[in-house]
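Trainee: No gaps in the numbering here: position 52 of the sequence shown is 51 in numbering that gives the first Met the number 0, and each next residue is one more. Positions of the beta carbon are idealized from the N, C-alpha and C atoms, including for glycine. Mind having a look at this structure? Questions to follow.
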Amino acid sequence: MKVIVLGSGIIGTASAWFLNKAGHDVSVVDRQPGPAQETSFANGCQISVSHATPWANKTAPLTILKSLGREDAPLLYRFRPEWLQWQWGAHFLRECLPSRTAYNIRQIVAIAEYSRQTLQAVRAETGIDYHCLTRGILHFYTDQREFDNSLASAALMRELGCARDPLAVEEAIRLEPALASIRTQLVGADFTPTDESGDIHRFTSGLAAKAAEQGVQFHFNHTVTRLITQGSGAATRVTGVEVIDAEGRHRTLQADAFVMAMGSFSVAMLKPLGIPLMIYPGKGYSATYPILAPAAAPTISLIDDGYKLVVSRLGDQLRVAGTCEFNGYSRELNPTRCEAITRRTKELFPTACDYDAPTYWAGLRPLTPSNVPYIGKTKIANLYLNTGHGSLGWTMGCGSGKAIADIVSGKIPDVNFRFSGMPARAVQLATSTSDTFTASGDQRT
Ligand SMILES: Cc1cc2nc3c(=O)[nH]c(=O)nc-3n(C[C@H](O)[C@H](O)[C@H](O)COP(=O)(O)OP(=O)(O)OC[C@H]3O[C@@H](n4cnc5c(N)ncnc54)[C@H](O)[C@@H]3O)c2cc1C
């Protein structure tokens, strides 16, 4: 079957890889000159299954209220005259109910765990070098109340099979000596040894190159303007995508099936087809610094709970990422937010990096209110979804690609996840923890 994948971020590229493996004739279309040039370019780089907690939890509304008007707040909601943003906000509030959070966390952990195993298999098969580190993730806390609250999330994660062990301050510093300079600030940490980190852009580019070797066709510099449909009601089918190519020519690319993987931009593309997606862009920042003193830079990937920053070592560079701003689709860099990242990184690792040479970047997380992505079918039989992976697209990317390839091929993916447009499987909800669970202090960036 001829399949067109729309978007070549981690999600589109992983989808194309597995669709090709399943025997389909695959093309990928992207407006950028190469793969992983938008949100999959310079993120926090964590494969973070055991911290895969949704942002929507019972403490989130207060956190958002407190951050209103604070330019350097880690989480900033700027109210706009935009219906989607208000609608999204209302859905987000619903997902903050403890029972919803507990359901969402199980969904996320299921697909994230499946995805980590899939990534490991792809890595073993392809040998792609992406500065992968399998030394775990250390989440450190500087606020006693947040640390105490995090123990409940840690317990829930353990219940779901994730190794997540609380550590005392000295144990945390023994594990990651680069934290010694903030010893007096620390109140505790937890460590998830099976989590990983690695450069999403290097991986996605490597996978796209391997996929091209296997016969996947990439149409870069092609902007999709619309999906063309034929028929009505249940007989509606997508027959092609209209694109503008690098020379400005309008063309139509045809296929038997289409996979939507355009992140935050999936919404506008599917709205004319009567497929409403609840995805809003959550703008995040990263800073990448050259490492000057390797022994002073961390080798374990970190989460700085107080500042909602993640830190990953990528070869001779240090990547620090985080913050979230709900403010439309602009990727413009706000100097106040960039400087806040550098200020904190300098405080954490004063001698590790050249702080005069940061590379700042901003990307749009395709956020659903629940943090659970849309993977599966739509009301149009030959149009599929793989989008809305929010703050965890790298963590869930390879598994989502493998799952959509199964679905397009008429198979049921081997993971207990609620796929869109498909009958629900028995997703277990442990009522014992749903009432007591709090995700406070455990939001991934
Ligand atoms: C600051 C930050 C830190 C993060 N840290 C982590 C982390 O540590 N771990 C983790 O798991 N996740 C993290 N994420 C989330 C992760 O980066 C995203 O979930 C993931 O990159 C989304 O991938 P995607 O393929 O859906 O979107 P994208 O990578 O944005 O891909 C979508 C593609 O669609 C293309 N496109 C859009 N519109 C059109 C059009 N009209 N025509 C043609 N092409 C089009 C774009 O060019 C793009 O290539 C972070 C995100 C941010 C912003």
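#1: Apart from the five residues just before and just after Leu-363, which ones in its own chain have a Cβ nearer than 6 Å to its Cβ?
#2: Applying the criterion that 16 or more other CB atoms from any shown protein chain within 10 Å of the CB defines a buried residue, is Ile-227 buried or exposed?
#3: Give the range of the alpha helix (DSSP H) segment to which Ala-404 is assigned.
#4: Find the nearest neighbour of Ala-171 within the set Ala-208, Leu-159, Leu-301, Asp-355, judged by alpha-carbon distance.
#5: Which residue spans inside the stretch 239–306 form an unbroken beta strand (DSSP E) run of at least 3?
#6: List the whole-angstrom C-beta distance separating Ala-296 from Ala-177, where the pair is believed to meet the contact cut-off of C-beta under 8 Å.
#7: Quick one: residues in its chain with C-beta nearer than 7 Å to the C-beta of Asp-198, no 5 flanking neighbours on either side, listed in chain order?
#8: With C-beta atoms as the reference, is Asp-142 less than 8 Å away from Ala-339?
#9: May I ask whether a heavy atom of ligand 1 can be found less than 7 Å away from the beta carbon of Glu-37?
#10: Just the C-alpha distance for Leu-61 and His-90, rounded to the nearest angstrom, thanks.
#11: Straight-line CA distance for Val-108 to Cys-397?
#12: If you measure from the CB of Gly-197, is any heavy atom of ligand 1 nearer than 7 Å?
#13: Between Tyr-359 and Thr-322, is the Cβ-Cβ spacing less than 8 Å?
#14: When you compare only the Cα positions, how much space is there between Leu-74 and Thr-203?
#15: CB-CB under 8 Å to Ser-431, same chain, minus the five flanking residues each way: which ones, in chain order?
#16: Quickly, what does DSSP pair Lys-410 with across the bridge? List them, please.
#17: In three-state terms, what does DSSP make of Gln-316?
#18: Is Trp-360 helix, strand or coil when you go by DSSP?
#19: Can you find a heavy atom of ligand 1 that lies under 7 Å from the Cβ of Ile-10?
#20: Any heavy atom of ligand 1 inside 7 Å of the beta-carbon of Trp-16?
#21: Span of the alpha helix (DSSP H) holding Tyr-113?
#22: From Ile-10 to Asp-355, what distance separates their C-alpha atoms?
#23: Below 8 Å CB to CB, which residues in the same chain sit around Ala-162 once its five sequence neighbours on both sides are set aside?
#24: What residues in its chain sit with their C-beta under 6 Å from that of Thr-238, if we drop five residues either side in the sequence?
#25: Would you mind stating whether Val-371 and Gln-106 have Cβ atoms separated by less than 8 Å?
#26: For Ile-10, write down the residues that DSSP places opposite it in a beta bridge.
#27: Just to confirm the assignment: which complete alpha helix (DSSP H) runs, minimum length 4, are found wholly within the stretch 154–182?
#28: Below 6 Å CB to CB, which residues in the same chain sit around Lys-20 once its five sequence neighbours on both sides are set aside?
#29: Excluding the 5 residues preceding and the 5 following Ser-66 in the sequence, name in chain order all residues of the same chain whose CB lies nearer than 6 Å to its CB.
Mentor: To lay it out plainly:
#1: Thr-38, Ser-263, Pro-280, Lys-282
#2: exposed
#3: First-last of the alpha helix (DSSP H) with Ala-404: 392–407.
#4: Leu-301
#5: You should have 249–253, 256–259, 279–289, 300–303.
#6: 6 Å
#7: Cys-44, Tyr-129, His-130, Leu-313
#8: no
#9: Taking 7 Å as the cut-off, one finds at least one heavy atom of ligand 1 near enough to the beta carbon of Glu-37.
#10: C-alpha separation (whole angstroms): 16 Å.
#11: 14 Å
#12: no
#13: Contact: no.
#14: 28 Å
#15: Residue placement at Ser-431 is flagged as unreliable, the pLDDT there being 31, under the threshold of 50; a coordinate-derived value is accordingly withheld.
#16: Note: Lys-410 sits in no beta bridge, so no partner.
#17: strand
#18: strand
#19: yes
#20: no
#21: 97–125
#22: 34 Å
#23: Leaving aside the five residues that flank Ala-162 on each side, the residues in its chain whose CB is nearer than 8 Å to its CB run, in chain order, Ser-49, Thr-191, Pro-192, Thr-193.
#24: Ile-227, Gln-229
#25: yes
#26: Looking at the DSSP assignment, Ile-10 forms no beta bridge with any residue, so it has no partner.
#27: 168–174
#28: The beta carbon of Lys-20 sits closer than 6 Å to none of the beta carbons in its chain outside the five residues before and after it.
#29: Ala-72, Leu-74, Leu-75
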